[in-house]
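Novice:
There are 2 protein chains.
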Amino acid sequence: MPRQAVRTERADATREVILATAERLFAEHGVFAVSNRQVSEAAGQGNNAAVGYHFGTKTDLVRAIVHRHDEHVEQLRTQMLADVGDSRDVREWVACLVRPSTEHIAELGSPTWYARFIAQCMTDPGLRRIIVEETLSSETLRAIRDGLGRCLADLPEDVREERADMSRQLMVHMTAERERALAEGTHTPRASWYEAGTGLIDAIVAIWQAPVSGAAASLSG
Amino acid sequence: MPRQAVRTERADATREVILATAERLFAEHGVFAVSNRQVSEAAGQGNNAAVGYHFGTKTDLVRAIVHRHDEHVEQLRTQMLADVGDSRDVREWVACLVRPSTEHIAELGSPTWYARFIAQCMTDPGLRRIIVEETLSSETLRAIRDGLGRCLADLPEDVREERADMSRQLMVHMTAERERALAEGTHTPRASWYEAGTGLIDAIVAIWQAPVSGAAASLSG
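As you go down the protein sequences, you meet chains B and F in turn.
The first sequence begins at 0 in numbering that gives the first Met the number 0 and counts up by one.
The second sequence begins at 0 in numbering that gives the first Met the number 0 and counts up by one.
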């Protein structure tokens, strides 16, 4: 291998180790409780500035962790969407939303840290924008929203927006909750990520199909 | 007023200012991004160690903020529960879960910071335990869970646990989402906290009443 290629390969390996270490420390101690210096040290980097050298700021590091996972989730979702076509079945669209995430986590093996990491980012005033940019603006998620919109054409636009939010919040935070329970060895309501996905699909389908109370009043008001 | 009483009153006022300042800074910048020193300064305390003097650690400060709000939410919930009695109507119990929180935030006036603060705490590995201890172990929440259990006696215990989690996640994170949108002046799906509460009740009732897929399989497995 030419010397340049060896150097690149070594840098890639270092980046991978830093990403995995950062994700674990962030999930276990909090994204803001852990410094770039601590990540560099725990990743076995002699140079305490390794995170800065390979990624830049904490924000850049967070973005890289998200990107690393999201590529695979997007792949799985694209495959599922190809089978759904222009279905009018709410459950099929909701499955496209939920299964790629739970399947991705299941494939990571055990233990995982990503779900707790993402949940923290979603509630942090500074990091939230990164998640929105990296994941929520994806083409596949837009396709699912459009698909659900065609299934539920009578739903007022604002309620659709609200229920899309609810679906996202449930997915992110229930997944983190389950990951935390697995890490702490406490009881989980479902035996596998697949079954946890089924529970989420049941709930999210029900939300989308729920009657809208006071809809007439708020539309005329 | 005797000198001791004046001193106590002044200390109480200082504590109140610190609590309000901390809550705002935490919501806007992140609980871990803001130091006790910054809170003391922003609260107009000449002494940069004022937070330490009046509250102790950051954890103690977080606990005090939660406690300050939760007392009122508990009061509202106790009143609502008195009217529900031993109802078999899922919606009445879910209303007891949702309305006290949204009403409390509505009564705080505008803007508020509490919902974003709580959402951060719920996803932080260190702070989560505080919220669980201060709020989720309340007697009124147990009464609501028992009430829902009587309405939905056929639901497997694990699914009940899962749906109680889902209800809590939706409440915490949808409320934070709405508060953030109001603070940033972006669009919100509902015109008032009351209506946002109605949307949450519609969704949470639907979750509790949703059919359980694969229940037979998982019970026999």
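Glycine residues also receive a C-beta, built at the ideal position from the N, C-alpha and C atoms.
Give the list of continuous beta strand (DSSP E) stretches no shorter than 3 residues that lie fully inside the segment 134-180 of chain B.
Specialist: Segments of the beta strand (DSSP E) lying fully in the segment 134-180 of chain B: there are none.
Novice: So is T58 (chain F) buried or exposed if we call it buried at 16+ other beta carbons inside 10 Å?
Specialist: With fewer than 16 Cβ atoms within 10 Å of its Cβ, T58 (chain F) is classed as exposed.
Novice: Is S39 (chain B) helix, strand or coil when you go by DSSP?
Specialist: Of the three classes helix, strand and coil, the one that applies to S39 (chain B) here is helix, per DSSP.
Novice: So, is the C-beta of V16 (chain B) closer than 8 Å to a C-beta in chain F?
Specialist: So no, V16 (chain B) is outside the interface.
Novice: Going by beta-carbon coordinates alone, are T174 (chain F) and A114 (chain F) separated by less than 8 Å?
Specialist: It is a contact, given that the beta carbons lie within the stated cut-off.
Novice: What is the rounded straight-line gap between the Cα of R87 (chain B) and the Cα of C150 (chain B)?
Specialist: In a straight line, the C-alpha of R87 (chain B) is about 5 Å away from that of C150 (chain B).
Novice: In whole angstroms, what separates the C-alpha of A163 (chain F) from that of D201 (chain B)?
Specialist: Those two C-alpha atoms are separated by around 14 Å.
Novice: Using a Cβ-Cβ cut-off of less than 9 Å, list which residues of the segment 185-198 of chain B approach chain F; keep chain order.
Specialist: The residues in question are H186, T187, P188, R189, A190, E194, A195, T197, G198.
Novice: Quick one: does P210 (chain F) have its CB under 8 Å from some CB of chain B?
Specialist: It does: the Cβ of P210 (chain F) has a partner Cβ on chain B nearer than 8 Å.
Novice: Would you mind reading off the limits of the alpha helix (DSSP H) that contains Q78 (chain B)?
Specialist: Counting along the chain, the alpha helix (DSSP H) containing Q78 (chain B) begins and ends at 57-83.
Novice: Using a Cβ-Cβ cut-off of 7 Å (strictly less than) and excluding sequence neighbours within five positions of V204 (chain B), which residues of its own chain qualify?
Specialist: So the qualifying residues of the chain are V89, R90, V93.
Novice: Find the nearest neighbour of E156 (chain B) within the set F:S34, F:R189, F:H53, judged by alpha-carbon distance.
Specialist: Residue F:R189 is the option with its Cα nearest to E156 (chain B).
Novice: Where does T7 (chain B) land, buried or exposed, given buried means 16+ other C-beta within 10 angstroms?
Specialist: T7 (chain B) comes out exposed.
Novice: I'd like to know whether the C-beta atoms of V72 (chain F) and S100 (chain F) end up nearer to each other than 8 Å.
Specialist: Closer than 8 Å, so yes.
Novice: Residues in its own chain within less than 7 Å of V171 (chain F) by CB, not counting five upstream and five downstream?
Specialist: For V171 (chain F), where only same-chain residues beyond five positions count, the Cβ hits under 7 Å are I117, A118, M121.
Novice: Measure the beta-carbon distance from F54 (chain F) to A63 (chain F) and round it to whole angstroms, keeping in mind my assumption that it falls under 8 Å.
Specialist: Indeed they touch by this definition, with Cβ atoms about 6 Å apart.
Novice: Could you tell me which of B:L169, B:R179, B:G148, B:A142 sits nearest to R159 (chain B), measuring between CA atoms?
Specialist: When each option's Cα is compared against that of R159 (chain B), the closest is B:G148.
Novice: F31 (chain B) CB to nearest chain D CB: under 8 Å?
Specialist: Within the model displayed, chain D is absent; protein chains B and F are what it includes.
Novice: In three-state DSSP terms, what is S217 (chain B)?
Specialist: Per-residue confidence for S217 (chain B) stands at a pLDDT of 47, beneath the threshold of 50, marking its modelled position as unreliable; the derived number appears in the next sentence. Looking at S217 (chain B) - three-state DSSP - the assignment turns out to be helix.
Novice: Kindly list the residues whose CB is nearer than 6 Å to the CB of E15 (chain B), restricted to its own chain and excluding five residues on each side of it in sequence; keep chain order.
Specialist: Excluding sequence neighbours, E15 (chain B) sits near nothing in its chain.
Novice: Is the shortest distance between the beta-carbon of P124 (chain B) and the beta-carbons of chain F less than 8 Å?
Specialist: Yes, because at least one Cβ of chain F sits closer than 8 Å to the Cβ of P124 (chain B).
Novice: Determine, using beta carbons only, whether V65 (chain F) and T13 (chain F) come nearer to each other than 8 Å.
Specialist: Going by C-beta atoms, V65 (chain F) is not nearer than 8 Å to T13 (chain F).
Novice: Would you tell me roughly how many angstroms separate the C-alpha atoms of R98 (chain B) and G198 (chain F), rounded to the nearest one?
Specialist: Each residue's Cα considered, the two are about 25 Å apart.
Novice: Using C-beta distances below 7 Å, list every residue in its chain close to G196 (chain F), excluding the 5 sequence neighbours before and after it, in chain order.
Specialist: V97, R98, T101.
Novice: Can you pull the chain F neighbours of Q168 (chain B), defined as C-beta to C-beta under 8 Å?
Specialist: Here the neighbours are Q168, L169, H172, M173, E176.
Novice: Taking only beta carbons into account, state which residues of the segment 152-163 of chain B come closer than 8 Å to chain F, listed in chain order.
Specialist: If the cut-off is 8 Å between Cβ atoms, the segment 152-163 of chain B has D157, V158, E160, E161, R162 near chain F.
Novice: I'd like the ranges of any alpha helix (DSSP H) spanning at least 4 consecutive residues and lying wholly in the segment 102-136 of chain B.
Specialist: You should have 113-122, 127-130.
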